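Residue numbers (full-length UniProt numbering): 1 to 138. Even glycine gets a Cβ: it sits at the ideal position worked out from N, Cα and C. Owing to the predicted nature of the structure, the values given are computational and were not obtained by experimental measurement.
Take a look at the structure:
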């Protein structure tokens, strides 16, 4: 299992608004991690570092995970408690997901700079994939 920072997570809501109950634990990992092992109910926080949307930095989910295994949370993963950054400010970007059933799935993330999807970045990897294996009983 990848060692990461454990973060506490109370009741959470998926991107579609479905409550998922209390997570047993949270795991924060860099977007370069490659592979992660979770249990049902765990929350995964994928960290991308500093981005600044006002200059064209953007990370997005390019290939969604299997929703039967891993479901995205609301943008900030905390039910809207986090205030948005002032316009023009850089932020620390984190995307959160909750493990909902045993299985394996992958999430592909894509970077674009001053353009839409598929625009080559000036530097750094353009695409990153995290493979998630979920154990436990649903």
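For this session: Alpha carbon to alpha carbon, how far is residue 41 from residue 98? Give it in angstroms, no decimals.
Result: As a working note, residue 98 is residue 98 in the chain shown. As a working note, residue 41 is residue 41 in the chain shown. Whole-angstrom Cα-Cα distance: 6 Å.
Exercise. Apart from the five residues on each side of it in sequence, which residues of its chain come closer than 8 Å, Cβ to Cβ, to residue 127?
Worked result: For the purposes of this step, residue 127 is taken as the residue at position 127 of the chain shown. In its chain, beyond the 5 residues on either side, 62, 108, 109, 110, 111 have a beta carbon closer than 8 Å to the beta carbon of residue 127.
Exercise. If you draw a straight line from the C-alpha of residue 67 to the C-alpha of residue 26, how long is it?
Worked result: Here residue 67 corresponds to residue number 67 of the chain shown, with the count starting at 1. Here residue 26 corresponds to residue number 26 of the chain shown, with the count starting at 1. Looking at the two C-alpha atoms, the distance is approximately 18 Å.
Exercise. To which residues does DSSP link residue 109 through a beta bridge?
Worked result: Your numbering for residue 109 matches position 109 in the chain shown. For residue 109, which the question treats as bridged, DSSP gives the partners 61, 128.
Exercise. Does DSSP put residue 55 in a helix, a strand or coil?
Worked result: Numbered from 1 along the chain shown, position 55 holds the residue referred to as residue 55. It is helical.
Exercise. Which class does residue 68 belong to by DSSP, given the choice of helix, strand or coil?
Worked result: Start at 1 with the first residue of the chain shown, and residue 68 comes out as number 68. Secondary structure at residue 68: coil, using DSSP grouped into helix, strand and coil.
Exercise. With a Cβ-Cβ cutoff of 9 Å, do residue 93 and residue 49 count as a contact?
Worked result: Against the chain shown, residue 93 aligns to sequence position 93. Against the chain shown, residue 49 aligns to sequence position 49. Closer than 9 Å, so yes.
For this session: For the beta strand (DSSP E) holding residue 98, just list the boundary residues, first then last.
Result: Your numbering for residue 98 matches position 98 in the chain shown. From DSSP, the beta strand (DSSP E) with residue 98 extends over 91 to 99.
Exercise. Taking DSSP as the reference, what is the three-state secondary structure of residue 30?
Worked result: The sequence position of residue 30 within the chain shown is 30, counting from 1. Correct three-state label for residue 30: strand.
Problem set entry | residue 87 burial status per 10 Å Cβ neighbour count (16 or more: buried) | Counting from one through the chain shown, the residue named residue 87 turns up at place 87. Flag for residue 87 reads exposed.
For this session: For my contact list, residue 102 and residue 56 are in at a C-beta cut-off of 8 Å; report their separation, rounded to the angstrom.
Result: In the chain shown, the residue the question calls residue 102 occupies position 102. In the chain shown, the residue the question calls residue 56 occupies position 56. At roughly 39 Å, the Cβ-Cβ gap does not stay under 8 Å, so residue 102 and residue 56 are not in contact.
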